[in-house]
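When you line the sequence shown up against the numbering used here, it's residues -5 to 53, in that order.
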Amino acid sequence: MPDHVHMALRGNLTESPEEIALAVMNNTAYAIGQNAIWQQGFYAGTFSEYDVRALRGRV
């Protein structure tokens, strides 16, 4: 998979990881005027504030 994206996003307690991922996928496709730029599916994981500090600069 040569063309892919990694993101670290923060949501709130009322949004599921699925809702956040779908919103990002839909909004970015709309913004560039394309219907299908994303493959179906995604991986969503969680991490702590400690992990966020370790991830800075990598993602």
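Where a beta carbon is used, it is the ideal one built from N, C-alpha and C, also for glycine.
Could you tell me the alpha carbon to alpha carbon distance between residue i and residue j, rounded to whole angstroms?
i           : j          : result
residue -1  : residue 43 : 21 angstroms
residue 47  : residue 24 : 32 angstroms
residue 136 : residue 18 : In the structure as shown, the chain begins at -5 and stops at 53. Residue 136 is therefore absent and cannot be evaluated.
residue 5   : residue 40 : 11 angstroms
residue 32  : residue 9  : 21 angstroms
residue 22  : residue 45 : 26 angstroms
residue 34  : residue 7  : 25 angstroms
residue 27  : residue 13 : 21 angstroms
Can a CB atom of chain C be found closer than 9 angstroms to the CB of residue i?
i         : result
residue 7 : Looking at the structure shown, chain C is missing, and only one protein chain is on hand.
Pull up the CB-CB distance for residue i and residue j, whole angstroms please, since I reckon it's below 8 angstroms.
i          : j          : result
residue 2  : residue 49 : 6 angstroms
residue 38 : residue 11 : 4 angstroms
| query | Taking only runs of the alpha helix (DSSP H) that begin and end inside the stretch 3 to 42, which ones reach a length of at least 4 residues, in chain order? | reply | 11 to 25
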